[in-house]
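Below is one structure; the comments refer to it alone.
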Amino acid sequence: MVTTKSSADEIELIRKSIRALCSKFPEDYWAKLDKNKEYPEEFIKALTDEGWLSVLIPEEYGGAGLGMLEASVILEEINRSGGNAGAGHAQMYTMGALLNHGSEEQKNRYLKKIASGELRLQAFGITEPTAGSDTTSITTTAVKKGDKYIVNGQKIWISRTMYSDLMLLLARTTPKEQVEKKTDGLSLFLLDMNDQKDNITIREIDTMINHATTEVFLENVEIPVENLIGEEGKGFRYVLSGMNAERILIASESIGDGYYFVDKAVQYTNERVVFDRPIGQNQGVQFPIAKAYMDIEAAKLMRDKAAAMFDAGEKGGAEANMAKYLASEAAWKAANAAMDAYGGYGFATEYHIERKFREARLFMIAPISNNLVVSFVGQHVLGMPRSF
151 MVTTKSSADE IELIRKSIRA LCSKFPEDYW AKLDKNKEYP EEFIKALTDE
201 GWLSVLIPEE YGGAGLGMLE ASVILEEINR SGGNAGAGHA QMYTMGALLN
251 HGSEEQKNRY LKKIASGELR LQAFGITEPT AGSDTTSITT TAVKKGDKYI
301 VNGQKIWISR TMYSDLMLLL ARTTPKEQVE KKTDGLSLFL LDMNDQKDNI
351 TIREIDTMIN HATTEVFLEN VEIPVENLIG EEGKGFRYVL SGMNAERILI
401 ASESIGDGYY FVDKAVQYTN ERVVFDRPIG QNQGVQFPIA KAYMDIEAAK
451 LMRDKAAAMF DAGEKGGAEA NMAKYLASEA AWKAANAAMD AYGGYGFATE
501 YHIERKFREA RLFMIAPISN NLVVSFVGQH VLGMPRSF
């Protein structure tokens, strides 16, 4: 196994530092935000000010220059504390496209401001109403006219659009019927939403969790040619290169959720006495929690492997996808074990289980459905026929 950029002691120091920061934002803070559907401005500012959201940005651009494992640990500990790292995670996984495929001018123009918090890159504009997971079928177009691209189209399930200055946007620059491979003709842009706010309409989607999810309408949006990332028509592969990072980081949040449920369930079942004995003494209560914990530990090992491969520059698509699958499934198993252990109290908002229960369910279908992960493994890892 390849080594990470930090020693075990340094990783543990990161964990302790995140726990200390999160202790300033107790569960009641998150419950209030959830109730009012508000964005955690104070928390994101604290994360930014302490440099945690810029860990993947190289030092020469104002970041910490650390690796995927360090970033994973940060998000894991946020969720384990009872928080929701989703409010800031996109800034980490969108870095890949800009770092690996952006020009030096783009990096100098944006990365330092992103690292300092002057600019936020939280929105990732890919999914569309008629395309879903079939990214090659998106219909948003970007037509080059002189020194600008004119963009028209619609995006959906784009989170944090209202709280981001920049959006990483995927659009078609060549019609699908005119390319040899359906993955060609897609281009990736860095969209300055503040500059184009008059041409962008954002509509909130009311969902079961507080994730600032929106639908975005782009009408004659102008993007300077210098904001094209990499080469025109090759945006799909740039997006794919960032998806492994996304999978690993999402897995980390699920691992944090899983530990959260286990921690809470263990504490509660040791303290809750029914029929003159702690309910954790009953195998029907104890065993599901223990099984969930073992699944989380196993998912964590796969996450660590995927993160190490990512940092070493190795191909790790299978490992990243499997980590996301195993972690989200383990977290959901732990969520149900905790809900069963708490019984009726699990549904009471004051205990926070129901909020985290709702949040944990998301990652079984986002950013990609677990069924598609299974299909990927069957086809690309095991060499079986394509199932769809």
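First residue of the sequence shown: 151, per our numbering; consecutive thereafter.
By construction, the Cβ of each residue, glycine as well, lies at the ideal position given by its N, Cα and C atoms.
Keep in mind the model is a prediction, meaning the values are calculated, not measured.
Quiz prompt | Within 9 angstroms, strictly: CB atoms of LYS441 and ALA477 | solution = no
Quiz item: Going by beta carbon distance, what residues of the same chain come within less than 6 angstroms of ALA484, once the five residues before and after it are set aside?
Solution: GLY408, PHE411, VAL412 and ALA442
Exercise. Find the nearest neighbour of GLU354 within the set THR363, LYS347 and ASP348, judged by alpha-carbon distance.
Key: THR363
Quiz item: By Cβ distance, which residues of its chain are closer than 7 angstroms to ARG511, with the 5 residues on each side in sequence left out?
Solution: TRP482
Exercise. Report the rounded CA-to-CA distance for VAL424 versus ALA491, giving the unit in angstroms.
Key: 12 angstroms
Self-check item: TYR189, enclosing beta strand (DSSP E) - first and last residue
Solution: Element bounds for TYR189: n/a, residue is neither H nor E.
Quiz prompt | ASN349 beta carbon less than 9 angstroms from that of ASN370 | solution = yes
Practice problem: Report all residues from its chain with a CB closer than 6 angstroms to the CB of TYR299; omit the five preceding and five following residues, and keep chain order. | Solution: ALA292 and ILE373
Practice problem: Check whether the Cβ of ASN521 sits closer than 8 angstroms to any heavy atom of the ligand MG, and report yes or no. | Solution: No copy of the ligand MG occurs in the structure displayed, which carries no ligand at all.
Quiz prompt | Buried or exposed by the 16-neighbour rule on C-beta atoms within 10 Å, applied to PRO325 | solution = exposed
Quiz item: Using DSSP with H/G/I as helix, E/B as strand and the rest coil, what is ALA273?
Solution: strand
Quiz prompt | For LYS298, the three-state DSSP class (helix, strand or coil) | solution = strand
Quiz item: Taking Cβ to Cβ, would you say GLU509 is nearer than 9 angstroms to GLY236?
Solution: yes
Quiz item: Is the distance from the Cβ of SER287 to the Cβ of GLN241 below 9 angstroms?
Solution: no
Quiz item: Mapping DSSP to helix, strand and coil, what is PRO374?
Solution: strand
Quiz item: Mind checking whether TYR189 and LEU261 have CB atoms under 9 angstroms apart?
Solution: no
Quiz item: Which of helix, strand or coil does DSSP assign to SER283?
Solution: coil
Quiz item: So is PHE339 buried or exposed if we call it buried at 16+ other beta carbons inside 10 Å?
Solution: buried
Quiz item: Taking the alpha helix (DSSP H) that ALA321 falls in, what are its first and last residues?
Solution: Run containing ALA321: none in the alpha helix (DSSP H); it sits in the beta strand (DSSP E), 316-322.
Quiz item: According to DSSP, what are the bridge partners of GLN304?
Solution: PHE367
Exercise. Mind checking who ASP342 pairs with in its DSSP beta bridge?
Key: LEU316
Quiz prompt | Rounded straight-line distance, which links the Cα of GLY494 to that of ALA395 | solution = 38 angstroms
Quiz item: How long is the line joining the alpha carbons of LEU399 and ASP426, rounded to whole angstroms?
Solution: 43 angstroms
Self-check item: Reduced DSSP secondary structure (H/G/I, E/B, other) of PRO428
Solution: strand
Quiz item: Taking just the CA atoms, how far does LEU269 sit from VAL152?
Solution: Reliability fails at VAL152, whose pLDDT of 41 lies under 50, so the model's placement of it is uncertain and no value is given.
Self-check item: Segment limits, beta strand (DSSP E) that includes GLU354
Solution: 350-354
Practice problem: Quickly, what does DSSP pair THR291 with across the bridge? List them, please. | Solution: ASN302 and ARG322
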